[in-house]
Amino acid sequence: MSRKAPLAVNVRPATPDDIPTLIQFIKELAIYEKEPDAAKATPELMKENLFEKKYAEALVAEDPEQGNRAVGMAIYFFSFSTWTSKPSLYLEDLFVVPNLRNRGAGKALFRALGRVAEERGCQRLDWQVLKWNA
Numbered sequence: 001m002s003r004k005a006p007l008a009v010n011v012r013p014a015t016p017d018d019i020p021t022l023i024q025f026i027k028e029l030a031i032y033e034k035e036p037d038a039a040k041a042t043p044e045l046m047k048e049n050l051f052e053k054k055y056a057e058a059l060v061a062e063d064p065e066q067g068n069r070a071v072g073m074a075i076y077f078f079s080f081s082t083w084t085s086k087p088s089l090y091l092e093d094l095f096v097v098p099n100l101r102n103r104g105a106g107k108a109l110f111r112a113l114g115r116v117a118e119e120r121g122c123q124r125l126d127w128q129v130l131k132w133n134a
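Numbering (UniProt numbering), first residue to last: 1 to 134.
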């Protein structure tokens, strides 16, 4: 069995123009996690909470070989430890389109998250996955 070549993705912060793609990825993730009706994100809520109130942030992975088409996302937010007086980065969702999984896009997103955590002085980066998806 031959392994497909790794992707050379670019990772960048999401912008409001990415909202339709982010919502599509969230819906696909909800289906994958067997909770298709749980995804309630709307363009209005995403714009307000992600880009105006900045409750969370997102990164987008793009494939330059496909005209910089978005192939993945990471949505994250920060918490704060009163004991250490430092923030932590919590990865809420990591998603890569199914046909490009296991080609490095998820790893590129995770590395970019590590850089964000380091730049912001985070004490740690937290992420939880469903047991069957580990």
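All residues carry an ideal CB built from backbone N, CA and C; glycine is no exception.
Under 7 angstroms between C-beta atoms of valine 11 and alanine 112: yes
CA-CA distance, arginine 124 and proline 43? 30 angstroms
Quickly, what does DSSP pair serine 85 with across the bridge? List them, please. Paired residue(s): none; serine 85 is not in a bridge.
Residue from Ala70, Tyr55, Val96 with nearest C-alpha to tyrosine 76: For the residues Ala70, Tyr55, Val96, the minimum Cα distance to tyrosine 76 belongs to Tyr55.
Whole-angstrom Cβ separation of residue 138 and threonine 21, contact assumed at under 8 angstroms? No answer is possible for residue 138: the residues shown for the chain start at 1 and end at 134.
Compute the distance between the beta-carbons of glycine 72 and phenylalanine 51, then report whether it is under 7 angstroms. no
Euclidean distance between Cα positions of lysine 4 and alanine 108: So the two alpha carbons sit approximately 16 angstroms from each other.
Sub-7 angstroms separation of residue 143 and alanine 39 beta-carbons: This structure cannot speak to residue 143, because the chain is shown only from 1 to 134.
Is DSSP giving alanine 56 helix, strand or coil here? coil
List the endpoints of the continuous beta strand (DSSP E) containing leucine 125. It spans 124–127 - the beta strand (DSSP E) in which leucine 125 sits, taken as one unbroken run.
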